[in-house]
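**Student:**
What follows is the structure, given as structure tokens:
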């Protein structure tokens with residue numbers, strides 16, 4: 139393993155330990171319980187053959203909501219607290235490059251979000267098997283896995299927001315706004331088409347800056363994964379570019 | 152005037168030109184990804200119409216979640232026999248998920264079977280003609296809902312045929328609808344058999360025989376659902392029936 | 012034959028540092044044409060009132076920030092290069108050691124980031140804990156340690172990789188006299204082992220006793236730089252400070 143990879147590995151471990159310290163364990167447990175309780179409540183309705191789909195949608199909703207909140211709160215907290223407590227300058231003084239710190243932050247946050255996806259997949263699998271929908275397991279798990287795409291982008295967006303805005307509250311608000319805007323991307327496209335002049339230029343810029351989460355509904359898994367990785371990389375590169383030029 | 156300290160709330164800690172570069176990078180990358188996005192997503196909102204459907208289409212993936220939530224609300228209203236509430240919520244649910252056959256068919260069944268029964272139960276002493284008008288009105292509304300932009304969707308036409316048969320109780324029209332459905336791509340095999348059965352019930356054995364003769368070559372031999380042997384048996388029975396009556400075969 | 016000119020451990024030549032302070036691009040000058048040199052093996056104190064630029068001097072020396080103009084060198088090389096070579100140890104002002112790590116765990120993780128493998132990181136952590144007198148408390152959570160212990164842990168992390176230059180930003184801030192005494196002993200031992208130490212402080216009597224070289228800053232400018240003997244000639248550090256700052 140090259141020295142740089144080894145450094146990134148240790149850096150990510152360090153930052154992940156910090157992320158876990160944000161009491162995310164409680165959040166994960168609460169989310170899993172919410173999905174279980176929600177599935178139990180849905181059993182009260184006569185949903186027939188649609189029941190597994192309802193369970194899947196419930197898990198997906200829970201994943202997207204909790205994931206957006208985890209990204210919005212943990213990402214900026216990692217960076218802003220890292221600056222406030224001088225942890226990040228200290229890491230830099232031990233040989234970490236600024237780009238490696240950004241990569242470490244991204245991987246730590248994505249790991250956390252990945253655990254959230256696994257937690258939802260596991261909970262949903264348990265619910266489906268318990269209620270006799272085992273044959274529907276594969277499509278349901280695929281649907282939940284597709285939720286990782288938006289979270290990957292929102293996670294990278296939260297780190298970028300933290301770099302640009304430098305304050306946890308503002309960055310959290312910006313990340314939640316990005317998560318909403320990604321969901322409402324068709325509105326931006328609509329406004330872009332309907333407007334003209336300077337307003338149209340503004341909407342076009344916003345359309346380019348904001349991802350469209352509808353892609354994860356319609357595209358094939360590989361295309362959706364490529365799209366998610368591309369957008370997340372774009373945000374990550376912008377964050378690394380900015381951090382390399384920012385005063386500490 | 153005292154200059155602000157660095158790292159105060161007013162500090163920005165970077166050159167403005169850096170921000171311009173970052174924005175440029177994001178816009179250039181976003182423009183490239185926008186092309187990919189357009190290739191991967193369905194028609195833009197402007198092409199999907201206005202009104203409620205456009206509103207829900209704007210919410211992207213959230214519309215499915217909204218539809219699920221609205222459906223649960225519909226179920227609660229249904230349990231309370233709140234006709235106005237169910238009707239409004241059904242409209243919202245279908246606007247949020249216009250492609251969902253499950254929501255559309257169940258909405259149609261509520262309109263065709265449940266709502267007329269609720270009205271009749273509330274007004275048991277109303278004249279029979281009024282009861283019939285409610286039943287027919289509900290059935291027609293349901294059939295209209297099912298056939299809204301149905302195109303050649305065999306599932307929708309089959310549901311319309313079922314509603315015509317069981318809610319509207321119009322066996323003749325239902326027979327025609329089953330026959331039409333049977334010819335659509337992807338239609339279930341039983342639609343053709345029901346069409347023949349309804350023709351027989353109306354005393355149109357010769358037409359039924361002609362239909363089954365026309366229909367038989369389409370039935371695959373290796374698909375149990377096609378029930379080819381059953382159709383051959385019915386053909387033989389019809390031929391015998393007509394022969395015994397001395398009618399031309 | 013002439014002997015080569017000795018390279019200073021840290022040298023600033025007409026260094027100016029401006030920070031951008033608002034969205035209109037307004038700037039605040041933290042350092043203005045600052046020039047001084049710290050000899051190799053010296054224990055140097057950078058003193059001055061709040062906002063005089065002490066922390067900026069250390070950030071420039073550590074390579075964490077870049078000068079707007081002028082030249083800053085560490086052992087004859089740019090700070091970024093010296094830092095990449097592991098020649099600089101840095102203790103940031105208000106460094107808050109993550110509370111959930113144990114002291115040993117923190118040092119091992121930082122040693123890992125610095126490129127040491129697990130056995131070497133473990134050996135380094137044990138040695139540094141002993142250096143700062145925390146060998147008994149290495150397995151305690153940092154959150155359960157006193158402020159003095161945490162500051163010693165902060166100093167220990169700066170010693171990972173055996174740097175030739177130690178930059179300590181307010182290492183004694185917030186410590187009680189006994190903890191200050193403790194820390195002072197460790198810093199003196201580092202100087203005695205051949206390292207160059209540059210620290211900032213507001214404890215003038217302590218740094219006058221501890222250090223052998225001084226840089227006095229005021230409003231981003233060097234008001235005085237010289238050895239302990241020169242400070243004594245001018246009536247002591249406190250006297251010098253009060254005179255210089257009053258100007």
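Residue numbers (my numbering), protein chains in the order written: chain S, 139 to 386; chain A, 152 to 400; chain X, 12 to 258.
Where a beta carbon is used, it is the ideal one built from N, C-alpha and C, also for glycine.
Because the structure is a prediction, the values reported are computed rather than measured.
Report all residues from its chain with a CB closer than 8 Å to the CB of residue 157 of chain A; omit the five preceding and five following residues, and keep chain order.
**Tutor:** Taking the first residue of the second chain as position 1, residue 157 of chain A is located at position 6. For residue 157 of chain A, the predicted structure reports a pLDDT of 47, less than 50, and the residue's modelled location is therefore unreliable. The matter cannot be settled from this model.
**Student:** Report the three-state DSSP secondary structure of residue 383 of chain A (helix, strand or coil).
**Tutor:** By one-based count along the second chain, residue 383 of chain A stands at place 232. Correct three-state label for residue 383 of chain A: helix.
**Student:** Counting only runs that start and end within the segment 24 to 101 of chain X, where is the beta strand (DSSP E) found for 3 or more residues in a row?
**Tutor:** Segments of the beta strand (DSSP E) lying fully in the segment 24 to 101 of chain X: 38 to 49, 54 to 58 and 80 to 85.
**Student:** Whose Cβ in chain X lies nearer than 9 Å to the Cβ of residue 288 of chain S?
**Tutor:** On the first chain, position 150 is the one that residue 288 of chain S refers to. Residues of chain X passing the Cβ test: none, with the nearest at roughly 30 Å.
**Student:** Using a cut-off of 7 Å between C-beta atoms, extract the partners of residue 195 of chain S located in chain A.
**Tutor:** Residue 195 of chain S sits at position 57 when you count from the first residue of the first chain. Result: 215, 216 and 219.
**Student:** Considering only C-alpha positions, which residue in the set X/100, X/47 and X/38 is nearest to residue 79 of chain X?
**Tutor:** Position 68 of the third chain, counted from the first residue, corresponds to residue 79 of chain X. Minimum Cα distance to residue 79 of chain X is reached at X/38.
**Student:** What is the residue span of the beta strand (DSSP E) that residue 165 of chain X lies within?
**Tutor:** Taking the third chain and counting its residues from 1, one reaches residue 165 of chain X at position 154. Premise fails: residue 165 of chain X lies in the alpha helix (DSSP H), 158 to 169, not in any beta strand (DSSP E).
**Student:** Below 9 Å between beta carbons: does that hold for residue 366 of chain S and residue 287 of chain S?
**Tutor:** Within the first chain, the letter at position 228 stands for residue 366 of chain S. Within the first chain, the letter at position 149 stands for residue 287 of chain S. Yes, the pair counts as a contact, with Cβ atoms nearer than the cut-off.
**Student:** Of the residues that make up the segment 231 to 260 of chain S, which ones have a beta carbon closer than 8 Å to any beta carbon in chain X?
**Tutor:** Within the segment 231 to 260 of chain S, the qualifying residues are 231, 232, 233 and 234.
**Student:** On the DSSP letters alone, give me the boundaries of the alpha helix (DSSP H) that residue 271 of chain S sits inside.
**Tutor:** For the purposes of this step, residue 271 of chain S is taken as the residue at position 133 of the first chain. Neither: residue 271 of chain S is in no alpha helix (DSSP H) and is coded neither H nor E.
**Student:** Comparing the C-beta of residue 234 of chain A with each C-beta of chain X, is any distance below 9 Å?
**Tutor:** Taking the first residue of the second chain as 1, we reach residue 234 of chain A at position 83. Taking Cβ atoms only, chain X never reaches closer than 9 Å to residue 234 of chain A, which makes this a no.
**Student:** Only counting the same chain, and skipping five residues up and downstream in sequence, which positions put a Cβ closer than 6 Å to that of residue 306 of chain S?
**Tutor:** The sequence position of residue 306 of chain S within the first chain is 168, counting from 1. Contacts found: 214, 215 and 218.
**Student:** By how many angstroms is the C-alpha of residue 319 of chain A removed from the C-alpha of residue 198 of chain S?
**Tutor:** As a working mapping, residue 198 of chain S is identified with position 60 in the first chain. As a working mapping, residue 319 of chain A is identified with position 168 in the second chain. Rounded to the nearest angstrom, the two C-alpha atoms are 40 Å apart.
**Student:** Residue 238 of chain X by DSSP, collapsed to three states: which one?
**Tutor:** Taking the third chain and counting its residues from 1, the one referred to as residue 238 of chain X is at position 227. Three-state DSSP puts residue 238 of chain X in a strand.
**Student:** When the Cα atoms are used, what is the spatial distance from residue 59 of chain X to residue 240 of chain X?
**Tutor:** Here residue 59 of chain X corresponds to residue number 48 of the third chain, with the count starting at 1. Here residue 240 of chain X corresponds to residue number 229 of the third chain, with the count starting at 1. So the alpha carbons of these two residues sit roughly 19 Å apart.
**Student:** Which of the residues in the segment 21 to 37 of chain X, read from start to end, lie with their CB under 8 Å from any CB of chain A?
**Tutor:** Going along the segment 21 to 37 of chain X in chain order, one finds 30, 31, 32, 33, 34, 36 and 37 with a Cβ nearer than 8 Å to chain A.
**Student:** Based on DSSP bridge pairs, tell me the residues matched to residue 254 of chain A.
**Tutor:** Counting from one through the second chain, the residue named residue 254 of chain A turns up at place 103. The partner list for residue 254 of chain A (beta bridge, DSSP) is empty, contrary to what the question assumes.
**Student:** Starting from the Cα of residue 117 of chain X, find the closest Cα among X/135, X/83, X/100 and X/72 and give me that residue.
**Tutor:** Within the third chain, residue 117 of chain X is the residue found at index 106, counting from 1. Residue X/135 is the option with its Cα nearest to residue 117 of chain X.
**Student:** For residue 328 of chain S, report the span of its alpha helix (DSSP H) as first-last.
**Tutor:** Locating residue 328 of chain S in the first chain gives position 190, where the first residue counts as 1. That run of the alpha helix (DSSP H) goes 323 to 332.
**Student:** Taking 9 Å as the threshold (beta carbon to beta carbon), is residue 73 of chain X in contact with chain S?
**Tutor:** Start at 1 with the first residue of the third chain, and residue 73 of chain X comes out as number 62. Chain S contact via Cβ: present.
**Student:** When we look at the beta-carbon of residue 155 of chain X and count the other beta-carbons within 10 Å, is it buried (16 or more) or exposed?
**Tutor:** In the third chain, the residue the question calls residue 155 of chain X occupies position 144. With fewer than 16 Cβ atoms within 10 Å of its Cβ, residue 155 of chain X is classed as exposed.
**Student:** Nearest-angstrom Cα distance between residue 191 of chain X and residue 180 of chain X?
**Tutor:** Counting from one through the third chain, the residue named residue 191 of chain X turns up at place 180. Counting from one through the third chain, the residue named residue 180 of chain X turns up at place 169. Rounded to the nearest angstrom, the two C-alpha atoms are 14 Å apart.
**Student:** Interface residues of chain S around residue 236 of chain X at Cβ under 8 Å?
**Tutor:** Indexing the third chain from 1 puts residue 236 of chain X at position 225. Simply none; closest approach about 25 Å.
**Student:** Specify the secondary structure class of residue 224 of chain X as computed by DSSP and reduced to three states.
**Tutor:** Here the question's residue 224 of chain X lines up with position 213 in the third chain. If DSSP states are grouped into helix, strand and coil, residue 224 of chain X belongs with the strands.
**Student:** Does the beta-carbon distance from residue 350 of chain S to residue 188 of chain A come in below 9 Å?
**Tutor:** The residue you call residue 350 of chain S lines up with position 212 of the first chain. The residue you call residue 188 of chain A lines up with position 37 of the second chain. Cβ atoms of residue 350 of chain S and residue 188 of chain A: closer than 9 Å.
**Student:** Is the CB of residue 198 of chain X under 9 Å away from at least one CB in chain S?
**Tutor:** Start at 1 with the first residue of the third chain, and residue 198 of chain X comes out as number 187. With 9 Å as the cut-off, residue 198 of chain X does not count as an interface residue toward chain S.
**Student:** Closer than 8 Å by beta-carbon distance: list the chain X residues that pair up with residue 229 of chain S, in chain order.
**Tutor:** Looking up residue 229 of chain S in the first chain gives position 91. By Cβ distance, chain X contributes 121 and 124.
**Student:** Note down the Cα distance separating residue 200 of chain A from residue 200 of chain S, rounded to an integer number of angstroms.
**Tutor:** Along the second chain, one-based indexing puts residue 200 of chain A at 49. Along the first chain, one-based indexing puts residue 200 of chain S at 62. With a pLDDT of 49 at residue 200 of chain A, under the threshold of 50, the modelled position of this residue cannot be trusted; read the value that follows with caution. Their backbone Cα atoms lie some 30 Å apart in a straight line.
**Student:** Considering just the uninterrupted stretch of the alpha helix (DSSP H) at residue 105 of chain X, what are its terminal residues?
**Tutor:** Counting from 1 along the third chain, the entry for residue 105 of chain X is found at position 94. From DSSP, residue 105 of chain X is part of no alpha helix (DSSP H); its letter is neither H nor E.
**Student:** Checking 9 Å against the spacing of the C-beta atoms, do residue 258 of chain A and residue 293 of chain A come in under that value?
**Tutor:** As a working note, residue 258 of chain A is residue 107 in the second chain. As a working note, residue 293 of chain A is residue 142 in the second chain. It is a contact, given that the beta carbons lie within the stated cut-off.
**Student:** In terms of residues, what are the limits of the alpha helix (DSSP H) holding residue 116 of chain X?
**Tutor:** Translated into the one-based positions of the third chain, residue 116 of chain X becomes position 105. That run of the alpha helix (DSSP H) goes 114 to 124.
**Student:** Pick helix, strand or coil for residue 138 of chain X, following the three-state DSSP scheme.
**Tutor:** On the third chain, position 127 is the one that residue 138 of chain X refers to. Looking at residue 138 of chain X - three-state DSSP - the assignment turns out to be helix.
**Student:** Which of the three DSSP states is assigned to residue 180 of chain X in this structure?
**Tutor:** Numbered from 1 along the third chain, position 169 holds the residue referred to as residue 180 of chain X. In this structure, residue 180 of chain X counts as strand in the three-state DSSP scheme.
**Student:** Roughly how far, in whole angstroms, is the beta-carbon of residue 91 of chain X from the beta-carbon of residue 212 of chain X, given that I think they are within contact range, below 8 Å?
**Tutor:** In the third chain, residue 91 of chain X corresponds to position 80, counting from 1. In the third chain, residue 212 of chain X corresponds to position 201, counting from 1. Contact doesn't hold; Cβ gap of about 26 Å is too wide.
**Student:** Any contact between the segment 193 to 206 of chain X and the segment 167 to 184 of chain X? By contact I mean 3 or more CB pairs, one from each, below 8 Å.
**Tutor:** Yes, they touch.
**Student:** How would you call residue 344 of chain A, buried or exposed, if buried means at least 16 neighbouring beta carbons within 10 angstroms?
**Tutor:** One-based indexing of the second chain puts residue 344 of chain A at position 193. With 16 or more Cβ atoms within 10 Å of its Cβ, residue 344 of chain A is classed as buried.
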